[in-house]
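**Student:**
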Amino acid sequence: MVSSGQAQENQDETERTANEQQKSTETFSVPVRIIEEPEAADARERGEQEAAEREQKDLLAQQSMDAATRRMSELAVWQTVLIAIGTAALIYTLWLTRQTNKAAWAAVNETRKIGEAQVRAYVAVVDGRYEFREADLIVSATIKNVGQSPANFVRMKCEVTVFNKETSEIIYERSSTGRTGDGSIVEPIPASMQQAGVVRIRDFDQTYVSEIAIDAAALNLCVTVSYDDVFRDRSKPDGRRSERFTIATIREEPLNGIFRIAQ
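With the sequence shown counted from 1, adding 1238 to any position gets you my numbering.
#1: Rounded to a whole number of angstroms, what is the C-alpha to C-alpha distance between I1329 and N1339?
#2: Sort out for me which residues DSSP pairs V1392 with in a bridge.
#3: Between the C-alpha atoms of P1428 and R1367, what's the straight-line distance to the nearest angstrom?
#4: Tell me, to the nearest whole angstrom, how far the beta carbon of V1398 is from that of L1375; I am working on the premise that it is less than 8 Å.
#5: Would you report the Cα separation of Y1195 and G1324, rounded to the nearest angstrom?
#6: CA-CA distance, D1296 and A1289?
#7: Classify F1266 as buried or exposed, calling it buried when 16 or more other Cβ atoms lie within 10 Å of its own Cβ.
#8: What residues are listed by DSSP as bridge partners for A1362?
#9: Looking at the unbroken alpha helix (DSSP H) that takes in E1449, where does it start and where does it end?
#10: Give me the residue from D1466, E1312 and E1293 with the minimum Cα distance to V1392.
#11: Beta carbon of A1379, beta carbon of A1434: below 9 Å?
#12: For Q1444, which residues from the same chain have a beta carbon less than 8 Å from its beta carbon, with the 5 sequence-adjacent residues on both sides left out?
#13: Between the C-alpha atoms of A1500 and E1348, what's the straight-line distance to the nearest angstrom?
#14: Within a Cβ cutoff of 6 Å, which residues of the same chain sit near K1395, ignoring the five residues on either side of it in sequence?
#15: Can you give the beta carbon distance from F1497 to D1365, rounded, assuming they're within the 8 Å contact cut?
#16: What are the boundary residues of the beta strand (DSSP E) that V1461 is part of?
#17: Output needed for I1409: all residues of its chain with C-beta closer than 6 Å, excluding positions within five of it in sequence on either side, in chain order.
#18: Quick one: what does DSSP say S1387 is sitting in, helix, strand or coil?
#19: Count the other C-beta atoms from every protein chain shown that fall within 10 angstroms of the C-beta of R1531, then say buried if there are 16 or more, exposed otherwise.
#20: Could you check whether the Cβ of K1351 sits closer than 9 Å to any Cβ belonging to chain D?
#21: Would you mind stating whether L1493 and V1424 have Cβ atoms separated by less than 9 Å?
#22: I'd like to check one pair, E1354 with F1469: are the Cβ atoms closer than 9 Å?
#23: Compute the Euclidean distance between the alpha carbons of P1426 and D1453, then round it to the nearest angstrom.
#24: Taking buried to mean at least 16 other C-beta atoms within 10 Å of its own C-beta, is R1412 buried or exposed?
#25: Suppose the cutoff is 6 Å on Cβ atoms and the five residues either side in sequence are ignored; what does the same chain contact list for L1334 look like?
#26: Pick helix, strand or coil for A1341, following the three-state DSSP scheme.
#27: Mapping the DSSP letters down to three states, classify S1480 as helix, strand or coil.
See below:
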């Protein structure tokens, strides 16, 4: 049997042996430096250089894209401005064209009016007579075409005014239109020619006929002549032209007389 003293000695011996081995290991340990092979080092350096170059190229590409984007934005703005200017210029050009066309049409219309005025028909009452027959007043007038083209479908109407010779007050009026009288339709009148027209004013008040007969009253006549010409009057729906003549009468006998155009 192993006594407790021997066991203690064995344990101490074992601890000393372990300590000596540890010291021996600590005393003889040296640092180890790993040396990379040249081929591996070259490969690593090339990889790092290529990576750096790729990063530089990526940065340059990003900068180029950013610059290109800014340039495109600027060009888009300028394009919008130029389009706006072009649109405004086009609108102004169209407005000028329209004004030019309007001026051209106005010039054409004025030229047309001048041409028509030079060659169209003009009518005038040259002279005439009046005569009382029973209860009617007969008015005849000579109508002359003083224009350069024929006057067609000529129609004469007459309005009569009776006025007091002392006071010049109008005391009676009558016309040749409607039921009170008949207008006269005259044959077409060529240029520089004349035709006679006659109108009848019916149921003339005998009281005023008596006043005229004793020279207490006098007549004034207003003759309206309407007609067509080759151009027609565009300002009227029916296109007919009309001229109005105010005529003072000269008494020759108690119940008849002649015309003269009022000056």
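Yeah, the Cβ is synthetic: ideal placement off N, Cα and C, and Gly gets one too.
**Tutor:** Looking at the coordinates:
#1: Using only the alpha carbons, I get a separation of about 15 Å.
#2: V1392 has V1424 as its beta-bridge partners, per DSSP.
#3: Taking the Cα positions, P1428 is about 23 Å away from R1367.
#4: The beta-carbon separation of V1398 and L1375, rounded to 6 Å, stays under the 8 Å limit for a contact.
#5: With the chain covering 1239 to 1501 only, the question about residue 1195 has no answer from this structure.
#6: One alpha carbon belongs to D1296, the other to A1289, and they sit about 10 Å apart.
#7: At F1266 the pLDDT is 48, less than 50, meaning the model places this residue with poor confidence and gives no usable figure here.
#8: Bridge pairing for A1362: K1382 [DSSP].
#9: Counting along the chain, the alpha helix (DSSP H) containing E1449 begins and ends at Q1444 to A1451.
#10: Among D1466, E1312 and E1293, the Cα nearest to that of V1392 belongs to D1466.
#11: Cβ atoms of A1379 and A1434: closer than 9 Å.
#12: For Q1444, the CB contacts under 8 Å within the same chain, skipping 5 residues up- and downstream, are A1373 in chain order.
#13: Its pLDDT being 47, under 50, A1500 is placed unreliably in this model, and the coordinates cannot settle the point.
#14: Taking K1395 as the centre and dropping the five residues before and after it, the same chain places the C-beta of S1414, T1415, G1421 and T1462 closer than 6 Å to its C-beta, in chain order.
#15: Yes, F1497 and D1365 are in contact; Cβ-Cβ is about 5 Å, under 8 Å.
#16: Judged by DSSP secondary structure, V1461 falls within the beta strand (DSSP E) whose first and last residues are A1455 to D1466.
#17: Excluding positions up to five away in sequence, the list reads V1400 and N1402.
#18: Looking at S1387 - three-state DSSP - the assignment turns out to be coil, as it is neither helix nor strand.
#19: This structure leaves residue 1531 out entirely; the chain is present only between 1239 and 1501.
#20: Of the protein chains in the structure, only one exists, and it is not chain D.
#21: No, they are not a contact pair.
#22: With contacts defined by Cβ atoms closer than 9 Å, F1469 and E1354 form a contacting pair.
#23: Using only the alpha carbons, I get a separation of about 38 Å.
#24: Its Cβ being crowded by 16 or more others within 10 Å, R1412 is buried.
#25: If we look at L1334 and ignore the five residues flanking it on each side, it has no Cβ neighbours.
#26: DSSP places A1341 in the helix class (H, G or I) of the three-state scheme.
#27: Reduced to three states, the DSSP call for S1480 is strand.
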